[in-house]
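Residue numbers (the numbering used here): 76 to 841.
Written out below as structure tokens is the structure these notes cover.
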Ligand SMILES: Nc1nc2c(c(=O)[nH]1)N[C@H]1C(S)=C(S)[C@@H](COP(=O)(O)OP(=O)(O)OC[C@H]3O[C@@H](n4cnc5c(=O)[nH]c(N)nc54)[C@H](O)[C@@H]3O)O[C@H]1N2
Ligand SMILES: Nc1nc2c(c(=O)[nH]1)N[C@H]1C(S)=C(S)[C@@H](COP(=O)(O)OP(=O)(O)OC[C@H]3O[C@@H](n4cnc5c(=O)[nH]c(N)nc54)[C@H](O)[C@@H]3O)O[C@H]1N2
Ligand code: SF4
Ligand SMILES: [Mo]
């Protein structure tokens, strides 16, 4: 098959994959008798009541229509009014039904009766559960001060509960994993360089109109967000060239014109050599740089020493491919998508500067505010409401803040997770004695779970708000069962990318068992700790208050099928200079504010230590049908992809005598061993690393469908380093060798290590 044909096919098959169709359509559904508690459902063409809402099987939040028959959810489809996903949802979006009806769900408030982590619970009433949580919140605050309370939160419902922690006065709450385990480095790099955030919930990269794309990691297709993947597939189908930099033959590497199988941890060397090459060969957009950028001469001077030959040795690539790759991008400027990346907490030191280098390259090509490039988000004018604020007392900050060591942690919310864990363990600079957890599976999310467990053992109290009996739930003293996204309101969701719109999440069925919506839980808890609670009476009030800014209400939205489009201006007027939201109004190619904090104004290459002898670097990523650990117990998704495999280079496997499909155990540099995992023997990964899809290997027996299936990358990550800019913690700084039967197998070193790259010295786990 010719490549072009294949790409067209892949665009179509990708869309097909995105809407796993279940059940026959037409005449199958009858009108529902008991409808959604909101009563805002629309009569559906299929006979079932159709309720527009928003998916929450991952954070992309595709608009959906839920079909409810006799009070039971029978089908989820994309909202046909959505300009992004249309009627499509991905496998996970479709399988939301199996989250709602999962018999393993947290059904009632539970109190721990065994040791922490044992998973022994007794059912208690909501009154008892809330009283106990409130009592402990007050007790710890009164004894140790407000900052002894920490809240680990993520996801749609966290805002409700965070309001209590804020009102109690702690500085230790935040959107933890989404920042400190995910986008922290990209966020700081692009905010500082361009003045705006490119990798929040949405990513402002116009792949559908690109003439060429550069993906550094960014394994789109495995990392699956429906509209993002559709736009990428559309760009390829229209003929965009693709360059992929990844040590593994990833889903996009598979479609690339050029795949650069880079030595892990050396991307900045490649990017700096490319920046130098582009400047030396006059391959940049002079007019754009002249009109819109500061610091060009400084960059030119700083990167002069980074030659292609040097980078080729560091990155273990060949100069010919490196040159061909950057020429493909340069020739198509400015309509090129240099993907800013998303998950970027890889190596700690050097992560922020890697994304700075990507931002500089983007600016040199003028690929900002043009079709195919980075574009400008749509301003969304929701009205401000204090409905969801809870009044508290003025509290002074701690003498020494956990954020103090990280000059770029502000203006982002939250406190570095690593610092909270360490303060809990050591009591320094002040004690932390209570953790609340909501929407985060901290044992599967924050590196070094063994350290996290030690910290939890030191707490006076830990509670979690959960929908499933996860690893984190079994370490909690009290677990509060929360309604899942199909049973509750959350808030207004505005999509501010190309094809922008506004919509709301609303309940499609009433909460099951004794699960309660976040608004109710937080309000009840607030009252019991002596706070006033929310100023509005019900969820609809704050949603309507916010929508007012757009002249809308829930009712008006529903009259229009649940979605209203917004006016957008993603592209610039190329004849005029742009006013970027930086202090100078220009893109900052060299950053004095970095230099002021003793960082480099222009990125330098800072190597991360290479694997110790006998070990391979542990890499991880996504599979398209699962979201982290949260979907592993889903009946349909578990059926599709029940366990993960460890990718092992074929030459390494041959030397070790390991065959495809054989079972091994991973052992990391600190001697921790994983659960058994099957090997995928492949030439599609370099010999100096292995790859383990994330989220598998559950350690909670209560998750009956997924317990013990596959192995967790997370439980092998015992070494991490903080990003010195904002304190995010690295995840690709641990190493494994393999154990087969009772034999420990050292990984042979098949690629020579250049002198410039230091080797990791095994030290105590961080
Ligand atoms: N199906 C599904 N999709 C998801 C998610 C999910 O859970 N499930 N999660 C979403 C979220 S929150 C995020 S943040 C994103 C994460 O997805 P991405 O932002 O795409 O994550 P990355 O870490 O950039 O990409 C993983 C790839 O990095 C490669 N890699 C590892 N080390 C290196 C290195 O040193 N250099 C280079 N060049 N490549 C390397 C790996 O081989 C792998 O192919 O996915 C999102 N999409
Ligand atoms: N080892 C390793 N660590 C990683 C990553 C990795 O690839 N490998 N990826 C990193 C990235 S990019 C990210 S974004 C983070 C993601 O980190 P997390 O958000 O912690 O990931 P999940 O495993 O989805 O955990 C979410 C938890 O919230 C619960 N939950 C889901 N929906 C709701 C809800 O509506 N209400 C309540 N109360 N609870 C809910 C789920 O049951 C689950 O326990 O992980 C980071 N950490
Ligand atoms: S990408 Fe899939 S799981 Fe994520 S919001 Fe969209 S349909 Fe739901
Ligand atoms: Mo993420």
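C-beta: ideal position from N, C-alpha, C; glycine also.
- Message: Please state the DSSP three-state secondary structure of residue 427.
- Response: Helix at residue 427.
- For residue 374, I'd like the list of residues in its chain whose CB is within less than 8 angstroms of its CB, leaving aside the five on either flank, ordered along the chain. Scanning its chain for C-beta atoms nearer than 8 angstroms, with the 5 sequence neighbours on each side dropped, one finds around residue 374 the residues 350, 354, 435, 664, 665, 677, in chain order.
- Please report the residue range of the beta strand (DSSP E) in which residue 513 lies. Secondary structure note for residue 513: its beta strand (DSSP E) is the uninterrupted segment 509 to 513.
- Return yes when the C-beta of residue 417 is under 7 angstroms from any heavy atom of ligand 4, and no when it is not. Within the cutoff, so yes.
- Item | C-alpha distance - residue 731 paired with residue 781, whole-angstrom precision | Roughly 30 angstroms separates the two Cα atoms.
- Item | 6 angstroms Cβ shell around residue 750 - same chain, five flanking residues per side excluded | The residues are 772, 786.
- Message: With three or more beta-carbon pairs closer than 8 angstroms as the criterion, would you say the region 478 to 493 touches the region 436 to 456?
- Response: Because the criterion of three Cβ pairs below 8 angstroms is not met, the region 478 to 493 and the region 436 to 456 do not touch.
- Message: Buried or exposed for residue 459, going by 16 or more other Cβ atoms inside 10 Å?
- Response: The residue in question, residue 459, is exposed, as its Cβ has fewer than 16 Cβ neighbours within 10 Å.
- Query: Between the C-alpha atoms of residue 113 and residue 685, what's the straight-line distance to the nearest angstrom?
  - Reply: Here the model assigns residue 113 a pLDDT of 33, short of 50, so the residue's position is not dependable and the matter cannot be decided.
- Identify whether residue 859 lies in helix, strand or coil by the three-state DSSP scheme. Given a span of 76 to 841 for the chain in the structure shown, any question on residue 859 remains unanswerable.
- Item | Assigned exposure category for residue 511 - 16 Cβ within 10 Å defines buried | Residue 511 is buried by the Cβ-count criterion.
- Evaluate the contact criterion for the region 541 to 555 versus the region 515 to 524: three or more CB pairs, one atom per stretch, below 8 angstroms. Judged by Cβ distances under 8 angstroms, the region 541 to 555 makes contact with the region 515 to 524, as three or more pairs qualify.
- Query: Among residues of its own chain, excluding the 5 on either side of residue 526, which ones have a beta-carbon nearer than 8 angstroms to its beta-carbon?
  - Reply: Excluding residues within five positions, the ones whose Cβ falls inside 8 angstroms are 496, 500, 793, 840, 841.
- Task: Have a look at the DSSP bridge pairing and note the partners of residue 334.
- Result: Answer is 319.
- Jot down the residue ranges of each uninterrupted alpha helix (DSSP H) in the region 573 to 634, minimum 4 residues, whole runs only, in chain order. Correct list: 593 to 603, 614 to 622, 629 to 634.
- Three or more C-beta pairs below 8 angstroms linking the region 258 to 267 and the region 416 to 427: A contact is defined here as three or more CB-CB pairs under 8 angstroms, and the region 258 to 267 meets this definition with respect to the region 416 to 427.
- Flag this pair as yes or no: are the beta carbons of residue 16 and residue 404 separated by less than 8 angstroms? What is shown of the chain runs 76 to 841, which leaves residue 16 out entirely.
- Task: Please classify residue 498: is it buried, with 16 or more other beta-carbons within 10 angstroms of its beta-carbon, or exposed?
- Result: Residue 498 comes out buried.
- With DSSP run on the structure shown, which of helix, strand or coil describes residue 103? Low per-residue confidence applies at residue 103: pLDDT is 20, beneath 50, and the placement is therefore not dependable, though the value from the model is reported in the following sentence. Residue state, collapsed to three classes: coil.
- Query: When DSSP builds the beta bridges, which residues end up paired with residue 403?
  - Reply: None; residue 403 has no bridge partner.
- Within 10 angstroms of the Cβ of residue 210, are there 16 or more other Cβ atoms? Answer buried if so, exposed if not. Burial is judged here by how many other beta carbons sit within 10 angstroms of a residue's own beta carbon; residue 210 has fewer than 16 and is exposed.
- Note down the Cα distance separating residue 358 from residue 271, rounded to an integer number of angstroms. C-alpha separation (whole angstroms): 26 angstroms.
- Message: Does the distance between the C-beta of residue 766 and the nearest non-hydrogen atom of ligand 1 fall short of 7 angstroms?
- Response: Answer for residue 766: yes, Cβ within range of ligand 1.
- Query: Near residue 96, what residues of its chain come up, given a Cβ to Cβ distance below 8 angstroms and the 5 sequence neighbours on each side ignored?
  - Reply: Confidence at residue 96 is low in this model, with a pLDDT of 22, below 50, so its placement is unreliable and no value can be given for it.
- Query: For residue 395, which of 469, 352, 254, 239 has the nearest alpha-carbon?
  - Reply: Of 469, 352, 254, 239, the residue nearest in Cα terms is 352.
- Query: For residue 388, which residues from the same chain have a beta carbon less than 7 angstroms from its beta carbon, with the 5 sequence-adjacent residues on both sides left out?
  - Reply: If we look at residue 388 and ignore the five residues flanking it on each side, its Cβ neighbours are 829.
- Message: Assuming residue 541 and residue 524 are in contact, meaning their beta carbons sit under 8 angstroms apart, how far apart are those beta carbons, in whole angstroms?
- Response: Actually they are not in contact, since the Cβ atoms of residue 541 and residue 524 sit about 17 angstroms apart, beyond 8 angstroms.
- Minimum length 3: unbroken beta strand (DSSP E) runs contained in the region 448 to 498: Runs found: none.
- Buried versus exposed call for residue 242 [16 or more other C-beta atoms within 10 Å across all chains shown]: Under a 10 Å Cβ-count criterion, residue 242 is classified as buried, with 16 or more other Cβ atoms of the shown protein chains found around its own Cβ.
- Item | Cβ pair count under 8 angstroms reaching 3, the region 286 to 303 against the region 314 to 332 | They touch, by the three-pair rule.
- Please determine, among 303, 687, 693, 631, the residue with the shortest C-alpha to C-alpha distance to residue 699. Measuring C-alpha to C-alpha distances from residue 699 to each of 303, 687, 693, 631 identifies 303 as the nearest.
- residue 788 versus residue 628 - alpha carbon distance: Their backbone Cα atoms lie some 45 angstroms apart in a straight line.
- Item | Contact with chain D by residue 670, beta-carbon distance below 8 angstroms | In the displayed structure, chain D is absent; only one protein chain is listed.
- Task: Can you tell me which of the three DSSP states residue 640 falls into?
- Result: Three-state DSSP puts residue 640 in a strand.
- Message: Please report the distance separating the alpha-carbon of residue 714 from that of residue 300.
- Response: A straight line joining the alpha-carbon of residue 714 with that of residue 300 spans about 21 angstroms.
- Task: Would you check if there are 3 or more beta carbon pairs closer than 8 angstroms linking the region 737 to 748 to the region 188 to 196?
- Result: No: fewer than three Cβ pairs fall under 8 angstroms.
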